[in-house]
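Residues in the sequence shown are numbered consecutively from 1, following full-length UniProt numbering.
Positions of the beta carbon are idealized from the N, C-alpha and C atoms, including for glycine.
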Amino acid sequence: MTFRTWSLFRKAFPKDVDRHSTFHVYDRESEGLLPSVVDRLVKLDGDMLTFLCIRTIDMTIDQLVSLNTINTLAVLAIEIGSNDRLGKYRETLTVQRLRDWGRSVGESGAFKKLRVLLVDGCNSLPTRLVLACISSFPSLNIVGISGQPDPSEEEPYWGNWRQHPHLDRWDKTNSDSGERRSRTTMASDMRRLYDASLELSQDGSPGGGTYQSLSMHYIQRSMPDTATEIAWFVRELKDEPARPVKRVQQDKSRSDTKKRKLREDKKVSIGSLLGSFT
Numbered sequence: 001m002t003f004r005t006w007s008l009f010r011k012a013f014p015k016d017v018d019r020h021s022t023f024h025v026y027d028r029e030s031e032g033l034l035p036s037v038v039d040r041l042v043k044l045d046g047d048m049l050t051f052l053c054i055r056t057i058d059m060t061i062d063q064l065v066s067l068n069t070i071n072t073l074a075v076l077a078i079e080i081g082s083n084d085r086l087g088k089y090r091e092t093l094t095v096q097r098l099r100d101w102g103r104s105v106g107e108s109g110a111f112k113k114l115r116v117l118l119v120d121g122c123n124s125l126p127t128r129l130v131l132a133c134i135s136s137f138p139s140l141n142i143v144g145i146s147g148q149p150d151p152s153e154e155e156p157y158w159g160n161w162r163q164h165p166h167l168d169r170w171d172k173t174n175s176d177s178g179e180r181r182s183r184t185t186m187a188s189d190m191r192r193l194y195d196a197s198l199e200l201s202q203d204g205s206p207g208g209g210t211y212q213s214l215s216m217h218y219i220q221r222s223m224p225d226t227a228t229e230i231a232w233f234v235r236e237l238k239d240e241p242a243r244p245v246k247r248v249q250q251d252k253s254r255s256d257t258k259k260r261k262l263r264e265d266k267k268v269s270i271g272s273l274l275g276s277f278t
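Right, dumping it as structure tokens:
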């Protein structure tokens, strides 16, 4: 079933559609199909969660910012693989690019539902800087990075993130055959990571598959290095403090009282003043 057919069927028979659906788009000729994929996901209903895996050899800042428009995005995996023709990695995700992306998220208020982010294949990026760049993502509480620690720090400082050594729910190989994981395995990994993020949260969000999800895989002719280890980090999301009552409203009553008292005082003084002329 194509994505278009699934969308039409879901609108006509919403109760008859599988709770978790999976689709894939192969862009073997690098035709630039990612904008079309993003456009499809933007049009999804708000009650559907989106799990998106992008396996590519290049990720521009415009492509990163375009992901901000997917309001249903809950899990995002970005895998930067090798160029088949060149046979080597292209470090396209720079710290500056990630920093600009994080700033755009903070300014636009995007990613209200994004809980899990995986950045794989950028082995030269310091992990500490990557965490700092994406800390503005409001609902993010699980991050996987195949980066490297800062060699200048004996005890790396992760900010409000802490490393979670036992959170290993993203397998690059199939444990049975040793082959590259299938699309079904990728979708299962993303669901497991999302469920783990719900377990870590303190807002009592429902988990255990009670949600509806769409797993979309955008794949070019590339694959991250399977030998690279992924470091997982988690953080606790604290509720925003209650907004204080505006002092303008509090001072307004006192201001009105002062004005009323001042007017009464003026009336008395004016009466006595008029009496002096009689």
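Backbone CA spacing between residue i and residue j [nearest angstrom]
i           : j           : result
residue 43  : residue 230 : 32 Å
residue 69  : residue 98  : 17 Å
residue 219 : residue 187 : 14 Å
residue 174 : residue 24  : Low per-residue confidence applies at residue 174: pLDDT is 41, beneath 50, and the placement is therefore not dependable enough to give any value.
residue 39  : residue 45  : 13 Å
residue 232 : residue 47  : 28 Å
residue 72  : residue 215 : 11 Å
residue 185 : residue 118 : 16 Å
residue 101 : residue 135 : 11 Å
residue 245 : residue 125 : Low per-residue confidence applies at residue 245: pLDDT is 36, beneath 50, and the placement is therefore not dependable enough to give any value.
residue 163 : residue 191 : 21 Å
residue 56  : residue 81  : 6 Å
residue 63  : residue 104 : 12 Å
residue 248 : residue 197 : Because the pLDDT of residue 248 is 40, which lies under 50, any placement of that residue in the model is unreliable, and the question is left without a value.
residue 52  : residue 107 : 22 Å
residue 348 : residue 195 : In the structure as shown, the chain begins at 1 and stops at 278. Residue 348 is therefore absent and cannot be evaluated.
residue 193 : residue 142 : 8 Å
residue 66  : residue 212 : 23 Å
residue 27  : residue 33  : 7 Å
residue 61  : residue 35  : 13 Å
residue 161 : residue 234 : 6 Å
residue 59  : residue 93  : 7 Å
residue 37  : residue 189 : 21 Å
residue 144 : residue 137 : 14 Å
residue 76  : residue 165 : 20 Å
Contact set for residue i: own chain, Cβ-Cβ below 8 Å, skip 5 residues either direction
i           : result
residue 139 : 111, 112, 113, 114, 115, 237
residue 201 : 115, 141, 237
residue 21  : 6, 213, 214, 215
Strand pairing of residue i, partner residues [DSSP]
i           : result
residue 101 : BP columns for residue 101 are empty, so no partner.
residue 234 : 142, 162
residue 212 : 48
residue 117 : 76, 143
residue 56  : 80
residue 23  : 216
Unbroken beta strand (DSSP E) run spanning residue i, endpoints
i          : result
residue 73 : 73–80
Any non-hydrogen atom of the ligand MN closer than 7 Å to residue i Cβ
i          : result
residue 61 : Absence of the ligand MN is noted for the structure shown, with no ligands found whatsoever.
Sequence-distant residues of its chain with Cβ nearer than 6 Å to residue i (five each side left out)
i           : result
residue 129 : 95
residue 54  : 78, 218
residue 167 : 232
Residue span of the alpha helix (DSSP H) that contains residue i, given as start and end
i           : result
residue 220 : It is not in any alpha helix (DSSP H) - residue 220 carries neither H nor E in the DSSP assignment.
residue 127 : 127–133
residue 64  : 61–66
residue 34  : 34–42
Close beta carbons around residue i, own chain, < 7 Å, minus the five adjacent residues each side
i          : result
residue 50 : 41, 44, 70, 72, 73, 74, 214, 216
Inter-residue CB distance, residue i and residue j (contact presumed, cutoff 8 Å)
i           : j           : result
residue 132 : residue 109 : About 19 Å; that fails the 8 Å criterion.
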